[in-house]
Amino acid sequence: MRYVCDQGCMEEGTKKNPPPRTCPTHGSPFVYEKQLRRSTPLKAVSGGNQEAVRRRGSTLKRGKGFEASPQQREKVKRMPCLACGREATEDGRVTIDPAHVWPQGKGGCKDPDCVFPLCRAADYSCHTLFDEGKLDLLPRLAEQAESWATEIAHPILCHGVTLIELVRRLAGNRQELTWVEREVAA
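So this is what it looks like as structure tokens:
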């Protein structure tokens, strides 16, 4: 087994007879070479072999794995943005996308009741802000509660989401929620 210091010096050793703990030349600790490889980028470990990089990649879905279903897209096609009220433009500079009330990565589904219409544009994107937890939809939903009752209830009824989890998702990162959470938990 080879042991390497951070300056590149190598020493041979075994588990029963390892090399000294520190490099006599540089004073830096020796690290078993296999441990050193884990902390380097996959490209460096594989020697540029792209097939090796693909094999050792993430197990998460890539690309269009979590995209909205055609039924969800059809539902929001002609609706205005729930957050800012903008409508889709003919030239495509502003589009209305289905934003998942409960994300598919956390168990959301492709049912049309699982989405809200949110805008996406180059200058300002309510959809991106909502996904990042920076958009508070609760005031708009309170104004239009009857219109969105099915969408609000869907994560709770179909996905087992708690009310507090749903309120956190819909409110973004509001600080006042800690008071509400304490009241509900009591």
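In the numbering used here, each residue's number is its place in the sequence shown (first place is 1) plus 51. Think of the CB as a built atom: it goes at the ideal place given N, C-alpha and C, for glycine as much as any other residue.
In the pairwise beta carbon analysis, the region 140–147 is classified as not touching the region 192–206: fewer than three pairs are separated by under 8 Å. V212: not part of any beta strand (DSSP E); DSSP gives it neither H nor E. With contacts defined by Cβ atoms closer than 8 Å, L133 and P80 do not form a contacting pair. Secondary structure note for R171: its beta strand (DSSP E) is the uninterrupted segment V166 to A172. Taking the Cα of P190 as reference, the smallest distance to any Cα among G223, T201, A204 and A172 is reached at G223. In this structure, the straight-line span from the alpha carbon of T201 to that of D174 is close to 31 Å. DSSP places P80 in the strand class (E or B) of the three-state scheme.
For I207, the closest of G158, C170, K185 and S176 by C-alpha to C-alpha distance is G158. Secondary structure of V55 (DSSP, three-state): strand. For R124, the closest alpha carbon among the candidates A150, S176, E138 and C135 is that of A150. Within the model, the alpha-carbon separation for P70 versus C165 is close to 59 Å. Residue state for A150 is assigned as strand, using DSSP reduced to three classes. If you draw a straight line from the Cα of L186 to the Cα of T179, it is about 9 Å long. Each residue's CA atom was taken as its position, placing S176 and L221 some 16 Å apart.
Rounded to whole angstroms, the separation of the alpha carbons of E62 and C56 is 9 Å. Per DSSP, E125 is not a residue of any beta strand (DSSP E); the alpha helix (DSSP H) it occupies stretches across P121 to V127.
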